[in-house]
Every structure is written in C-alpha cells, then in structure tokens.
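Protein chains: 2
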Amino acid sequence: MTEADEDRADALFHALADRTRRDIMRRVLAGEHSVSTLAARYDMSFAAVQKHVAVLEKAGLLTKRRSGREQLASGDVQAVRSVASLLTDLEQVWRGRIARIDDLIALDTTQQANTDQEG
Amino acid sequence: MTEADEDRADALFHALADRTRRDIMRRVLAGEHSVSTLAARYDMSFAAVQKHVAVLEKAGLLTKRRSGREQLASGDVQAVRSVASLLTDLEQVWRGRIARIDDLIALDTTQQANTDQEG
DNA sequence: ACAACGTACAACTGATTGGTTGTATGTTGG
DNA sequence: CCAACATACAACCAATCAGTTGTACGTTGT
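Read top to bottom, the protein sequences are chains A and B.
Taking numbering that gives the first Met the number 0, the leading residue of the first sequence gets 0, the next gets one more, and so forth.
Taking numbering that gives the first Met the number 0, the leading residue of the second sequence gets 0, the next gets one more, and so forth.
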C-alpha cells in the first residue's frame with residue numbers, strides 16, 4: 000500500500016528477475032556459502048557475482064555473516080514468502096472479480112425468477 | 000530448469016518489478032479494461048502505459064481482446080500462480096536444508112546415545 | 001614477514017529500461 | 001464523409017543495469 004512497500008516490492012521482484020540471482024538464491028537457501036564459493040560456480044568475474052549478492056542482500060533476500068576473511072551468505076526464506084504473499088494478494092483481487100460475476104449471475108437468475116412469476 | 004523456463008521466469012519477475020505494472024495487474028485482474036481507460040489512471044503518456052501493458056502481455060500476465068476500436072485487457076490469474084509456484088520451489092530448497100540439519104541433529108543424538116551406552 | 005586469499009569498491013562500457021513526442025492506421029457516430 | 005477516438009509503432013533521451021578491469025584492504029597460513 001505505502002510508498003515504502005512499493006519500493007520493497009520493486010526491489011524484491013527486480014532481484015529475482017535475473018537467473019544468476021535466482022540460482023544464487025537456490026544455493027544460499029540450501030546452505031551458507033561464501034561469496035567466492037558462489038563466484039566459482041559462474042562464468043563471470045568475482046566482482047559481478049559480488050554485485051548480484053549485494054542486490055539480493057539489499058532486497059533482504061539474503062543476509063551475510065562474517066567468518067574470518069570470508070563472508071557467508073544465507074538465504075532468508077521469510078523474504079521469499081513475503082514475495083509469495085504479494086502474489087496471493089493479487090490473486091485475491093481476481094477472486095473479488097469472480098465473486099462479483101457470481102453476484103451478477105445470482106441477480107440475473109433472481110430477475111428471471113421474478114419474470115417467471117410475472118408471466 | 001530449461002533455458003526457456005528461465006527466460007519465462009526472467010520476463011515474469013521483470014514484468015512485476017514495476018509499481019505501475021503491478022497496479023495495472025490489480026485492475027485487469029479485477030476486470031477487463033481498455034488500454035485508454037487504464038492510461039487515464041496514471042500520470043504518464045498513453046504510449047507509456049501502452050508499453051507497460053505490452054510488457055505484461057509478453058510475460059503472459061494479461062491477454063488482450065479486441066472489441067471494436069478498443070483493446071480490452073484481462074489479467075491471467077494462472078500466470079500469477081505460476082510465479083507463486085516458482086517461489087514455493089525456492090522454499091522447497093530451503094526445506095531441504097532444514098531436513099538435512101535435522102538429520103545431522105538426529106545423527107548426533109544417536110551418537111550421544113551410543114556414547115551413553117558405552118559410558 | 002609475506003604471499004595468497006577473500007572481499008570491497010570505483011570507474012568504465014554496452015545494453016536495456018521507462019519515459020517522451022510524433023506519426024500512421026483503423027473504428028465509430030453524427 | 002469526416003471528426004474524434006483508440007491504438008500501434010518508431011525515434012529519441014536520460015537513467016539504470018550487468019558486466020568488465022583495476023586497486024585497495026583485512027585475514028590467514030607457513
């Protein structure tokens with residue numbers, strides 16, 4: 000509803016709108032991984048992967064924890080669920096449309112019943 | 000899994016990563032709207048809104064139907080659900096992580112039980 | 001101590017995005 | 001017929017994006 004919520008939704012969907020980032024999410028939801036461990040899996044520079052991780056972190060989809068010289072990334076399943084709930088909100092809008100159509104049908108059959116009585 | 004699936008996921012998340020487009024989705028999930036009716040609601044040019052509708056259409060989130068000189072847009076709730084299912088797939092990865100942790104704990108308590116027996 | 005490792009960050013590039021205006025095409029109502 | 005309407009589409013612009021390379025800095029193991 001609020002502006003900040005829309006900003007957050009923008010960030011969440013944008014973060015997930017990239018296959019490398021979705022793949023990173025799969026890995027960090029499965030378990031903690033250092034940025035360099037992640038970077039080793041992709042055919043791009045370390046810095047590029049680091050940027051992807053930063054996008055996911057800013058969106059709140061993962062958190063980082065220092066362990067010595069490594070930065071361990073871990074996926075936040077609650078953030079993933081919050082995106083899912085944005086979609087169920089959308090689906091609820093659709094349910095409202097169906098309910099309204101049902102009401103119209105109900106109203107129409109009532110009118111028909113009245114017409115039947117009159118006839 | 001496949002390349003085409005990733006392309007589709009990219010398009011779906013990207014389409015939803017814009018507040019104007021999410022708002023358009025709310026309207027067209029609630030009922031059919033012509034492009035100009037939609038455009039009237041936003042503080043931007045008709046062409047801009049038309050582009051947003053095109054992005055949503057290419058992603059498969061809405062369909063258009065001609066009615067005389069108007070183009071009526073309607074939201075596709077199944078496409079919205081398909082995005083939600085991508086997220087539950089992600090959540091399943093996380094559940095696997097938890098299951099593995101549980102296994103480790105179970106293994107550990109078994110070892111402790113053995114140690115208790117030995118002691 | 002120091003070399004190798006893991007990370008952070010800045011600067012740059014080409015591609016894409018979200019917006020604009022302008023023009024062309026089809027549709028409708030009087 | 002024709003004016004108003006609804007749409008489509010191209011060209012353009014500023015901003016953002018995804019990638020690169022280079023540099024700097026803290027950490028670790030020998």
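Where is the CB? At the ideal position from N, CA and C, for every residue including glycine.
Any Cβ of chain B closer than 8 Å to the Cβ of residue 47/A would place that residue at the interface, and such an atom is absent.
Along the segment 38-118 of chain B, the beta strand (DSSP E) occurs as fully enclosed runs of 3 or more residues at 61-66, 69-74, listed in sequence order. Taking every protein chain shown into account, the CB of residue 103/A has fewer than 16 other CB atoms within 10 angstroms, so this residue is exposed. For the options 34/A, 47/A, 58/A, the alpha carbon positioned closest to that of residue 10/A is the one of 58/A.
Annotation for residue 10/B: the continuous alpha helix (DSSP H) segment containing it runs 2-15. The CB of residue 83/B comes closer than 8 Å to the CB of 83, 86, 87, 90 in chain A, given here in chain order. With respect to chain B, the C-beta atom of residue 59/A has no partner C-beta closer than 8 Å.
In this structure, the alpha-carbon of residue 2/B lies about 15 Å from that of residue 20/A. Beta-bridge pairing by DSSP links residue 33/A to 71/A.
Residue contact with chain B for residue 103/A: absent (no Cβ-Cβ distance below 8 Å to any residue of chain B).
Under the Cβ distance rule, residue 7/A does not count among the residues neighbouring chain B, no pair being separated by less than 8 Å. Counting only the Cα atoms, residue 48/B lies some 10 Å from residue 40/B. Neighbours of residue 15/A in chain B, taken as residues at a C-beta separation under 7 Å, are given in chain order as 12.
Distance from the Cα of residue 68/B is smallest, within the candidate group 97/B, 33/B, 38/B, 62/B, for 33/B.
Here residue 106/A is exposed, its C-beta having fewer than 16 other C-beta atoms within 10 Å. Identification of chain A residues near residue 40/B by a Cβ-Cβ cut-off of 7 Å yields none; the smallest Cβ-Cβ distance measures about 15 Å. Check the Cα spacing between residue 12/A and each of 100/A, 84/A, 64/A, 36/A: the tightest is with 84/A. Around the beta carbon of residue 95/A, fewer than 16 other beta carbons sit within 10 angstroms, so the residue counts as exposed.
Interface with chain A (8 Å Cβ-Cβ cutoff): residue 54/B is excluded.
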